[in-house]
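Accompanying notes for the structure given below.
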Amino acid sequence: MSKVQIVRGNDPLGYDGSVSERLRAMAEDELAGINDAAVEDEVAVLRARLGLQKKEPNGDGHNQGR
Amino acid sequence: MVTIRDDKTPTLLVPDNGPVSALSSIRCLDWLLLPGIPVRITDQVADEATRNPDLPWARETCEWIVRNVVAERISIAYTDTGFDYREQFDAWIAGGMDPQRRPRSRNLGEASILGLMRSLSEEWQGNNKAVVLLDERFARKAVAAIEANIDIVSTRAYFRLLTEDYGLNDTAAYWRLVLNNIEDMDTLDEVRSVRVP
Numbered sequence: 001m002s003k004v005q006i007v008r009g010n011d012p013l014g015y016d017g018s019v020s021e022r023l024r025a026m027a028e029d030e031l032a033g034i035n036d037a038a039v040e041d042e043v044a045v046l047r048a049r050l051g052l053q054k055k056e057p058n059g060d061g062h063n064q065g066r
Numbered sequence: 001m002v003t004i005r006d007d008k009t010p011t012l013l014v015p016d017n018g019p020v021s022a023l024s025s026i027r028c029l030d031w032l033l034l035p036g037i038p039v040r041i042t043d044q045v046a047d048e049a050t051r052n053p054d055l056p057w058a059r060e061t062c063e064w065i066v067r068n069v070v071a072e073r074i075s076i077a078y079t080d081t082g083f084d085y086r087e088q089f090d091a092w093i094a095g096g097m098d099p100q101r102r103p104r105s106r107n108l109g110e111a112s113i114l115g116l117m118r119s120l121s122e123e124w125q126g127n128n129k130a131v132v133l134l135d136e137r138f139a140r141k142a143v144a145a146i147e148a149n150i151d152i153v154s155t156r157a158y159f160r161l162l163t164e165d166y167g168l169n170d171t172a173a174y175w176r177l178v179l180n181n182i183e184d185m186d187t188l189d190e191v192r193s194v195r196v197p
């Protein structure tokens, strides 16, 4: 399958294309750390809505590989 | 970004097939239940996720949806788009399933989201709030315009939260697994198999 160019516009976490194209782009972005700040913003929102405390970095290799 | 914690319990609304497909592909649909809040998926998402029985995980996805609807852990948000498609699809089956007359389903997921917008703006007010799990660019833009107690969250952020707050392993491992497993999904939107009774 040819690689699909994802048009981001002003939404860094918005993806185009079929589901498989979107998932592929999401996975590649996550592994490359693309738009991490936007992801963290949404994590903060989600955490607040779920009433969770913010996690502090623990330096034990958390999320290693990204 | 400033976020304010409150005591309203949100509903996790899933109107996009991306998150369901990502979790299905790694056999982790139960992750939708981990936060312990009500989960609603649209009928169109349920339909798209289970329509093709040739997908390796379609049968498990179907069983998961049925099992959790019965257990009242998740509920289905019915949309006019989903209703119309089911009517057309049933009529097509009854009419002999001529391949040339098969009802088109491409982009119906996004159409169902637009159909859901009115109920979103009416239902998610006051103490009712929803976290909308959504990746499709146009749908995110459309839902963001709704004046209601809703927050849009991507699958990437949801995975990240689960790994950081719910004790799962590192995010990268899951995305590598998704990447490996979606190789079989390249024709997801084109392949439409029919389960003949």
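Protein sequences, first through last, are from chains F and W.
Per the working numbering, residue 1 is the first one in the first sequence, and the count goes up by one each step.
Per the working numbering, residue 1 is the first one in the second sequence, and the count goes up by one each step.
Heads up, the beta-carbon is just placed ideally off N, CA and C, and yes, glycines get one too.
Quiz prompt | N-terminal and C-terminal residue of the alpha helix (DSSP H) that D84(W) is part of | solution = The count along the second sequence starts at 1 and reaches residue 84(W) at position 84. It spans D80 to A94 - the alpha helix (DSSP H) in which D84(W) sits, taken as one unbroken run.
Exercise. Output yes or no for whether 7 Å exceeds the beta carbon distance between V39(W) and I74(W).
Key: Looking up residue 39(W) in the second sequence gives position 39. Looking up residue 74(W) in the second sequence gives position 74. In this structure, V39(W) sits near I74(W), with a CB-CB distance shorter than 7 Å.
Quiz item: In chain order, which continuous runs of the beta strand (DSSP E) of length 3 or greater are located wholly inside the region 97-138 of chain W?
Solution: If only uninterrupted beta strand (DSSP E) runs of at least 3 residues are considered, those enclosed by the region 97-138 of chain W are 130-133.
Practice problem: Measuring alpha carbon to alpha carbon, tell me which of L33(W), P99(W), S154(W) and T81(W) ends up nearest R67(W). | Solution: Residue numbering aside, residue 67(W) sits at position 67 when the second sequence is read from its first letter. The shortest C-alpha separation from R67(W) is found at L33(W).
Exercise. Identify the contact partners of A27(F) in chain W, using a Cβ-Cβ distance below 7 Å as the criterion.
Key: If you number the first sequence from 1, residue 27(F) lands on position 27. In chain order, W175, V178 and L179 make up the part of chain W whose C-beta sits under 7 Å from the C-beta of A27(F).
Quiz item: Using 7 Å as the limit for Cβ to Cβ distance, is V45(W) near chain F?
Solution: The residue labelled residue 45(W) in the question sits at position 45 within the second sequence. No - not a single Cβ of chain F is within 7 Å of the one on V45(W).
Exercise. Return the CA-CA distance between V45(W) and Q53(F), expressed in angstroms with no decimal places.
Key: Position 45 of the second sequence, counted from the start, is the residue given in the question as residue 45(W). Position 53 of the first sequence, counted from the start, is the residue given in the question as residue 53(F). For V45(W) and Q53(F), the distance between alpha carbons rounds to 31 Å.
Quiz prompt | Proximal residues of chain F, C-beta to C-beta of E207(W) below 9 Å | solution = It is not possible to answer for residue 207(W), since the shown part of chain W is limited to 1 through 197.
Quiz item: Hey, is A49(W)'s beta-carbon within less than 7 Å of any beta-carbon in chain F?
Solution: Here residue 49(W) refers to the residue found at position 49 of the second sequence. For A49(W), the answer is no, since every Cβ of chain F falls outside 7 Å of its Cβ.
Quiz item: In chain order, what residues of the region 14-26 of chain W put their CB closer than 8 Å to some CB of chain F?
Solution: From the region 14-26 of chain W, only N17, G18, S21, A22 and S25 have a Cβ closer than 8 Å to chain F.
Quiz prompt | Helix, strand or coil at R40(W) [DSSP, three-state] | solution = In the second sequence, counting from the first residue as 1, residue 40(W) sits at position 40. Note: R40(W) maps to strand in three-state DSSP.
Quiz item: To the nearest angstrom, how far is it from the Cα of R176(W) to the Cα of R22(F)?
Solution: Here residue 176(W) is taken as the residue at index 176 of the second sequence, counted from 1. Here residue 22(F) is taken as the residue at index 22 of the first sequence, counted from 1. Distance between the alpha carbons of R176(W) and R22(F) is about 14 Å.
Quiz item: Below 7 Å between beta carbons: does that hold for S112(W) and A148(W)?
Solution: Position 112 of the second sequence holds residue 112(W). Position 148 of the second sequence holds residue 148(W). Contact: no.
Quiz item: In chain order, what residues of the same chain have a beta carbon less than 8 Å from the beta carbon of L12(W), not counting five sequence neighbours either side?
Solution: Within the second sequence, residue 12(W) is the residue found at index 12, counting from 1. Excluding sequence neighbours, L12(W) sits near L32, P35, I37, P38, V39, R40, A130, V131 and L133.
Self-check item: Interface flag, A199(W) vs chain F, CB-CB below 7 Å
Solution: One cannot answer for residue 199(W) here, as it falls past the ends of chain W, which runs 1 to 197.
Practice problem: Please say whether V19(F) and G18(W) have beta carbons closer to each other than 7 Å? | Solution: Taking the first residue of the second sequence as position 1, residue 18(W) is located at position 18. Taking the first residue of the first sequence as position 1, residue 19(F) is located at position 19. Taking 7 Å as the Cβ cut-off, G18(W) and V19(F) qualify as a contacting pair.
Quiz item: Can you find a C-beta in chain F that's less than 7 Å from the C-beta of L188(W)?
Solution: Mapped onto the second sequence, residue 188(W) falls at position 188. Low local confidence applies: a pLDDT of 47 at L188(W) is under 50, so the model's placement there is unreliable, and no value is given.
Quiz item: Hey, is S154(W)'s beta-carbon within less than 7 Å of any beta-carbon in chain F?
Solution: Counted from its first residue, the second sequence places residue 154(W) at position 154. Taking 7 Å as the CB threshold, S154(W) lines the interface with chain F.
Quiz item: Do S21(W) and N181(W) come within 7 Å of each other at the CB atom, strictly closer than that value?
Solution: Locating residue 181(W) in the second sequence gives position 181, where the first residue counts as 1. Locating residue 21(W) in the second sequence gives position 21, where the first residue counts as 1. No, the Cβ-Cβ distance between N181(W) and S21(W) is not below 7 Å.
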